[in-house]
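For what it's worth, my numbering labels the leading residue of the sequence shown as 1067, then goes sequentially.
We put the CB at the ideal spot given by N, CA and C, even for glycine.
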Amino acid sequence: DTVGAIAKKHGIPVIVDTTFTTPVTFKPFVHGANVIVHSPTQFIGGHGTSIGGVIVDGGNFDWANGKFPDFTQADEIYNGIKFAELGEIAFVTRIRAILLRDDGAALSPFHSWLFFQGLETLSRRVERHNANTKKIVDFLDKHPKVELVNHPLLESNAYHALYQKYYPKDAGSIFTFELKDKDEKKARDLIDHLEIFSLLANVGDTKSLAIHPASTTHQQLNDEELASAGISKGTIR
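What follows is the structure in structure tokens.
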């Protein structure tokens, strides 16, 4: 809400990525967002079968406020149209007219169908994801060999108050935890001995997944950069 209020005061659009939260658990437009982006590859598709992106325009931003010449100046390629004059559909129209034309950013019909199939069960799947996550987080939080569990549903988490305010239906199923012994080999050994979880980098799948970020997704970072990202040799996602 605070970010939305500041952005509105200064005529800046708020764009929110809700790939991890999904539309089930968080409603950005309610809190002042103007545009929402999703990667339906994850939870929306839900089965790891397709790659895609979605832009949802709230139609609630003034693109004619003088800060966005691409919207207020005439576009000669489209016979001098000024997209800002289209009002609430200005942004989504320019996306379709320019981005779609220049970059070919369009889903194939088959992948679109797969995503629509995923949408039909999204709510139910997210509920199960979150319910399972609560049990795992509670188990790890009490485990003697775990130093920290980073999930906002825990009262000890710095973002717990925000979680209670913005996520009435839980805050998602992606989290990290830290082993007390911050040793990379022990962290990797733990993952290697998991029986239900698979070692994969993607998220939001029908499978339970785990990964060691320091040696995989963030291996290009040095120790200082890892620390600034909240990652140690004992971090597991």
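Bridge partner(s) assigned by DSSP for residue i
i       : result
ALA1276 : LEU1265
VAL1101 : ILE1081 and ASP1123
VAL1212 : LEU1245
ILE1302 : PHE1243
ILE1147 : ASP1141
Presumed contact (8 Å Cβ cut-off) between residue i and residue j, rounded CB distance
i       : j       : result
ALA1295 : HIS1278 : Not really, about 14 Å apart at Cβ, beyond 8 Å.
PHE1137 : ARG1160 : 7 Å
THR1107 : ILE1117 : 5 Å
THR1084 : PHE1092 : 6 Å
ASP1067 : GLY1114 : So it is not a contact: roughly 34 Å between Cβ atoms.
TYR1229 : LEU1219 : 6 Å
ALA1171 : TRP1129 : Actually they are not in contact, since the Cβ atoms of ALA1171 and TRP1129 sit about 20 Å apart, beyond 8 Å.
LEU1207 : VAL1158 : Before going further, note that residue 1207 is Asp rather than Leu in the sequence given. The Cβ separation is near 43 Å, so there is no contact.
Beta carbon of residue i nearer than 8 Å to that of residue j
i       : j       : result
SER1264 : HIS1195 : no
LEU1292 : ALA1276 : no
LYS1246 : VAL1215 : no
LYS1235 : VAL1090 : yes
GLY1132 : ALA1140 : no
VAL1203 : PHE1109 : no
ILE1257 : ILE1302 : yes
GLY1300 : ALA1253 : yes
VAL1103 : PRO1079 : no
SER1174 : LYS1248 : no
Nearest to residue i (by Cα), restricted to the options the options
i       : options                               : result
ALA1341 : ARG1254, HIS1226 and ASP1255          : As shown, the chain starts at 1067 and ends at 1303. That puts residue 1341 outside it, with no answer to give.
SER1189 : GLY1111, PHE1176, GLY1170 and GLU1244 : GLY1111
GLU1250 : ALA1267, LYS1273 and THR1282          : THR1282
VAL1082 : SER1105, LYS1075 and HIS1076          : SER1105
HIS1217 : PHE1241, LEU1206 and ALA1172          : PHE1241
ASN1126 : LYS1148, GLY1070, GLY1119 and TYR1144 : GLY1070
PRO1210 : ALA1172, ASN1198, ASP1255 and PHE1243 : PHE1243
HIS1177 : GLY1119, ILE1072, LEU1287 and HIS1259 : GLY1119
ARG1167 : ILE1143, LEU1206, TRP1179 and ALA1150 : ILE1143
THR1087 : ALA1224, SER1298 and GLY1270          : GLY1270
THR1376 : THR1187, ALA1150, PHE1134 and LYS1148 : Here the chain covers residues 1067 to 1303 and nothing more, so residue 1376 does not appear.
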